[in-house]
Structure formats: C-alpha cells, structure tokens
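Asks:
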Amino acid sequence: MINLADIRLGALRLVRPIDPFLLVITAAIIAVATLMLGSSSPERMNAHLVNVGVGVAVMWAMASQPPQRLHSFALPLYVVGVLLLIGVALFGDVSKGARRWLNLGVMRIQPSELMKIAMPLMLAWYFQKREGSLKVRDFFVATLLLMVPVGLIIKQPDLGTSLLVLGAGFFVIFFAGLSWKLIIPVAVLGTAAIIAIISYESQICAPEVAWPGLHDYQKHRVCTLLDPSSDPLGKGFHTIQSTIAVGSGGLVGKGWRQGTQTHLDFLPERHTDFVLAVISEEFGLAGVLLIVVLYCLLIGRGLMIAANAATLFGRLLAGSITMIFFTYAFVNMGMVAGILPVVGVPLPMVSYGGTALVTLCLGVGILMSVQQHRRRR
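For what it's worth, the numbering used here labels the leading residue of the sequence shown as 9, then goes sequentially.
(1) Hey, quick one: how far does the alpha helix (DSSP H) through Asp224 stretch, first residue to last?
(2) Go through its chain and collect everything with a Cβ distance to Gly257's Cβ below 6 angstroms, but skip five positions before and after it.
(3) Can you give me the C-alpha to C-alpha distance between Trp68 and Phe29, rounded to a whole angstrom?
(4) With Met70 and Gly373 assumed to form a contact (beta carbons below 8 angstroms), what rounded beta-carbon distance in angstroms separates them?
(5) At what residues does the alpha helix (DSSP H) containing Leu110 begin and finish?
(6) With 16 as the cutoff for other CB atoms within 10 Å, does Pro236 come out buried or exposed?
(7) Taking its Cβ as the centre, do 16 or more other Cβ atoms sit within 10 Å of Thr199, making it buried, or is it exposed?
(8) What does Arg116 pair with, by DSSP beta-bridge criteria?
(9) For Asp146, report the span of its alpha helix (DSSP H) as first-last.
(10) In or out: Asn340 buried (at least 16 other Cβ within 10 Å) or exposed?
(11) So the alpha helix (DSSP H) Ser47 belongs to, where does it begin and stop?
(12) With DSSP as the reference, label Ser207 as helix, strand or coil.
(13) So for Ser170, helix, strand or coil by DSSP?
(14) I'd like the ranges of any beta strand (DSSP E) spanning at least 3 consecutive residues and lying wholly in the stretch 282 to 358.
(15) On a Cα-Cα basis, can you pick out the residue from Asp166, Ala39, Leu45, Ala132 that is closest to Val102?
(16) So what's Ser103 in DSSP terms, helix, strand or just coil?
(17) Looking only at its own chain, which residues have a Cβ that is under 6 angstroms from the Cβ of Ile37, when we skip the five neighbours before and after it?
(18) Given this structure, state the Cα-to-Cα distance separating Phe245 from Glu277, to the nearest angstrom.
(19) So what's Ala184 in DSSP terms, helix, strand or just coil?
(20) Per DSSP, what kind of secondary structure is Val260 in: helix, strand or coil?
(21) Does the distance from the C-beta atom of Thr330 to that of Gly346 stay below 7 angstroms?
(22) Three Cβ pairs or more, each shorter than 8 angstroms: is that satisfied between the stretch 91 to 99 and the stretch 130 to 140?
(23) Does the stretch 75 to 83 come within contact of the stretch 311 to 327, defined as at least 3 CB pairs closer than 8 angstroms?
(24) Could you please give the first and the last residue of the uninterrupted alpha helix (DSSP H) stretch that includes His279?
(25) Looking only at C-alpha atoms, which of Ser377, Val88, Leu370, Gln226 sits nearest to Gly61?
(26) Rank Ala41, Lys189, Asp27 by C-alpha distance to the C-alpha of His279 and give the top, closest one.
(27) Between Ser377 and Pro74, which are expected to be in contact by the criterion C-beta below 8 angstroms, what is the C-beta distance as a whole number of angstroms?
(28) Quick check: Arg229 and Val366, are their CB atoms within less than 7 angstroms of each other?
(29) If I measure Cβ to Cβ from Leu348 and keep anything under 8 angstroms in the same chain, skipping five residues before and after, which residues do I get?
(30) Quick one: Cα of Ala364 to Cα of Leu172, how far?
(31) Pick out whichever of Asp281, Trp264, His223 has its Cα sitting closest to the Cα of Gln249.
(32) Got a sec, what are the start and stop residues for the alpha helix (DSSP H) Leu3 sits in?
(33) Beta-carbon within less than 7 angstroms of Arg52's beta-carbon, same chain only, minus the 5 sequence neighbours each way: which residues are those?
(34) Taking the alpha helix (DSSP H) that Gln269 falls in, what are its first and last residues?
(35) Measure the alpha-carbon distance for Ile202 versus Ile191 and round it to whole angstroms.
(36) Using only the alpha-carbon positions, how far apart do Ala19 and Thr169 sit?
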C-alpha cells in the first residue's frame, strides 16, 4: 500500500533545499524571458524550454549540496579551468576571429564560462583558509589568482566574459576586507582615464592611434560609443538602433509583438544581448521597471543570504554570486542604453542562451545551498 507519510516525507526532502523567495523571483524573470522570446524569436522556444528545464535541474541539484562540498571542489575546479583556458590558447577553435572554444572530440566547450563560477569559488576557498590571519600579501596573491584566467580570456579575445570573471573575483576580494586605500587610487585613475577619453575623443580615436593592450575592434567599440554616427552602418549600428527602440516605447510600449524596430529587423541580436530594447519598445518604461525591480529583489535576497551565512566561505561565495547578477544586469542595461560599449554581456536569465542560463541557475542554486546550510546550523 502507498504510505502517505512516506510520500509527504519524500516531497519535503525534494523541496527543503529550495528557498521560496529566490524561486519565485527566478521564476518571474524566466517567465519574462519566455514571453519576450515569443515575440523576438519564437522559433527558438523549444530550445529555450529545454534550457530552462536543464537550468532548474542544475539549480535544485546545487541547492541540495552542502557548501562544504563546494569548498572541496574549489581548487580542482579552478586548476581544471585554467588548464582548459591554456588549451584554448594553444589548440582552440577559431571562430569569427576569436579563439574561445576547445574541441574535446565528443563536444566543444567554452572554458571561460566555467571560470564565472570557478573564480569566486577559488577565492572564497583561499580566504577561508586564511581566516583570522589575513595580511596585505594575501590580497596580492588573490589578485594574481584572479588575473591569470582573466588574462587568458582577454587574449582570446573575449572582453565581455573577462569583465564578468574579473568582477566575480573582485567582489570576493572586496568582501574579504580589501582596504579602501587600495581601491580609491584605482578608481581615481579609472575616472581620470574616462574623462580623458571623452575630452580628447577626436584625437585618440584617430585611425592611426593605437590603444595599448586593446585590439582595434575594442578601440572602435569605445569610439563609436562616444560618437555612434561616426560608423552608423558598422559598429555604431547596434547602439543607434537600440536607443531608437528604447526611446520609441514611451511609458507603456507598443504592445507585445508590435515593436517596429524588432519585427522590421532593424534591431540586431534582439533575442540575446539587446532583449531589453525589445522589452522597452513593446512594454515601455513600465516593462523596464518591472525587470529592474525583479533584479533588485534578487540581489537584495542574495545579499541577505550572504550576510547570514554560517562561514566566511559561504559569505564570500554568496556575496560574489549575488554581485555577478548585478554586474550582468548593469553592463547589459548600460550597453542597451548607449552609455557603455557593446561587449556581448547578456541580460541575466532573460537573454536567450543555454550556457548563460544554466550558469546563472547554478549561481541561484549556490545561494540556496548557503541559505539551507544556515538553517541547519
């Protein structure tokens, strides 16, 4: 006979790792993604639903693991990730001028995606080992651990992913207690560089001027951000069409599947990097504010989980994972609005893409794992 008590116990075991608040927010964001894909690229709906199913399964599996197990995976995952990045540099497949993929025979993988999770795991593990005895040199060692994979990713070149990995690692170092005395000089230099680029745009953007450490296309992206009309049919096309779509939506938009920029094929990458422009055009300011509120709730919940974590490893990991969502959203929104260069960063869990969706669902699962561990403690 069926024992109702056993069924109830089994159901409780299935749902116990799930944080209800995080689940509702994640479900709402994915629902928005599904709605917008039905407008911008309905032919990809079946693949999207499969990606959602895989992402939810990965999220639950990760939420079911205790943070101690994640702690034991940190160093091996980081080492494997760096070795794979070296493999990409030596033997990787070249596509569209970039060497980002590694062919393993049975599959092609993009190791830089692995580092979005492996990097904060590694640095959280490192600072956990040194809890109570942190010195300045430990922050320099952590910076070196961070810059090795970031440098390999920049060489591919993949500026967008390198910025995300850099951000993920930086937030761990910051939450570990990085002194403002080290942060402020870097911030001042960065601000001065931005002001100089804006002030002397016509001189430094001249074709014969090379920017140290950057490829020509990266320089071109920054220069067309400052003046999109300088290349309206080339690098500036994305920014121009995106800002037109954003501005034409008004307060409440033109309606679902009624966006002219989207459905007359003026808006490029409308189902991936520029899906926010589709939301703005079809649902206006109201739709954009809904997305912003959902991300604020997600980030707020993540920071709350980080603050209440039982260990330093849990606090650093949850804090950095949460700030990864902030970095994704901030860079993508700035890119769509025309205030940041186009660097290929998706809108988290809204832009179409299996790898990014599964990686972010994995991040949500880690937050749930840290929260579940706090309850048990």
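Here a beta-carbon is modelled for each residue, glycine too, at the ideal position from N, C-alpha and C. Quick caveat: nothing in here was measured; it's all calculated off a predicted structure.
Replies: Short version:
(1) As a working note, residue 224 is residue 216 in the sequence shown. Here the alpha helix (DSSP H) through Asp224 covers 224 to 234.
(2) As a first step, residue 257 must be located in the sequence shown, where it is residue number 249. Taken in chain order, the residues that qualify are Ser288, Glu289, Gly292.
(3) Against the sequence shown, residue 68 aligns to sequence position 60. Against the sequence shown, residue 29 aligns to sequence position 21. Cα to Cα, Trp68 sits roughly 14 angstroms from Phe29.
(4) The residue you call residue 70 lines up with position 62 of the sequence shown. The residue you call residue 373 lines up with position 365 of the sequence shown. 3 angstroms between Cβ atoms; contact.
(5) The residue given as residue 110 occupies position 102 in the sequence shown. No alpha helix (DSSP H) holds Leu110; the beta strand (DSSP E) holding it covers 106 to 111.
(6) For this step, residue 236 is matched to residue 228 along the sequence shown. With 16 or more other Cβ atoms within 10 Å, it is buried.
(7) Taking the first residue of the sequence shown as position 1, residue 199 is located at position 191. The residue is exposed, with fewer than 16 neighbouring Cβ atoms inside 10 Å.
(8) Sequence index remark: in the sequence shown, residue 116 carries index 108 (1-based). The partner list for Arg116 (beta bridge, DSSP) reads Asn111.
(9) As a first step, residue 146 is located in the sequence shown; it is residue number 138 there, counting from the start. Unbroken alpha helix (DSSP H) run through Asp146: 144 to 162.
(10) Taking the sequence shown and counting its residues from 1, the one referred to as residue 340 is at position 332. So Asn340 counts as buried.
(11) Position 39 of the sequence shown, counted from the first residue, corresponds to residue 47. Here the alpha helix (DSSP H) through Ser47 covers 28 to 48.
(12) Along the sequence shown, read from residue 1 onward, the residue named residue 207 stands at position 199. DSSP places Ser207 in helix when its eight states are reduced to three.
(13) Working through the sequence shown from its first residue, we reach residue 170 at position 162. Correct three-state label for Ser170: helix.
(14) none
(15) As a first step, residue 102 is located in the sequence shown; it is residue number 94 there, counting from the start. Closest by alpha carbon: Asp166.
(16) Translated into positions along the sequence shown, residue 103 becomes position 95. The answer is strand: DSSP assigns Ser103 an E or B state.
(17) Within the sequence shown, residue 37 is the residue found at index 29, counting from 1. Around Ile37: Leu302, Met357.
(18) Here residue 245 corresponds to residue number 237 of the sequence shown, with the count starting at 1. Here residue 277 corresponds to residue number 269 of the sequence shown, with the count starting at 1. Approximately 12 angstroms between the Cα atoms of the pair.
(19) The count along the sequence shown starts at 1 and reaches residue 184 at position 176. The answer is coil: DSSP assigns Ala184 none of H, G, I, E or B.
(20) For the purposes of this step, residue 260 is identified with residue 252 of the sequence shown, where counting begins at 1. Residue state, collapsed to three classes: coil.
(21) Here residue 330 refers to the residue found at position 322 of the sequence shown. Here residue 346 refers to the residue found at position 338 of the sequence shown. Contact flag unset, no.
(22) no
(23) yes
(24) Working through the sequence shown from its first residue, we reach residue 279 at position 271. No alpha helix (DSSP H) contains His279, which DSSP labels as neither H nor E.
(25) In the sequence shown, counting from the first residue as 1, residue 61 sits at position 53. Per the Cα distances, Leu370.
(26) Here residue 279 is taken as the residue at index 271 of the sequence shown, counted from 1. The shortest Cα separation from His279 among Ala41, Lys189, Asp27 belongs to Ala41.
(27) One-based indexing of the sequence shown puts residue 377 at position 369. One-based indexing of the sequence shown puts residue 74 at position 66. 7 angstroms between Cβ atoms; contact.
(28) The residue given as residue 229 occupies position 221 in the sequence shown. The residue given as residue 366 occupies position 358 in the sequence shown. Cβ distance not < 7 angstroms, so Arg229 and Val366 don't count as in contact.
(29) Locating residue 348 in the sequence shown gives position 340, where the first residue counts as 1. So the list reads Leu233, Val339, Gly342, once near-sequence residues are dropped.
(30) Counted from its first residue, the sequence shown places residue 364 at position 356. Counted from its first residue, the sequence shown places residue 172 at position 164. So the two alpha carbons sit approximately 12 angstroms from each other.
(31) As a first step, residue 249 is located in the sequence shown; it is residue number 241 there, counting from the start. The residue with the shortest Cα to Cα distance from Gln249 is Asp281.
(32) No answer is possible for residue 3: it lies beyond the span of the chain, which begins at 9 and ends at 385.
(33) As a working mapping, residue 52 is identified with position 44 in the sequence shown. Around Arg52: Leu45, His279, Tyr360.
(34) The sequence position of residue 269 within the sequence shown is 261, counting from 1. Looking at the DSSP string, the run of the alpha helix (DSSP H) that includes Gln269 is 268 to 271.
(35) The residue given as residue 202 occupies position 194 in the sequence shown. The residue given as residue 191 occupies position 183 in the sequence shown. If you take the alpha carbons of Ile202 and Ile191, they lie about 17 angstroms apart.
(36) As a working mapping, residue 19 is identified with position 11 in the sequence shown. As a working mapping, residue 169 is identified with position 161 in the sequence shown. A caution first: Ala19 carries a pLDDT of 48, below 50, which makes its placement in the model unreliable, though a value can still be read off. Approximately 39 angstroms between the Cα atoms of the pair.
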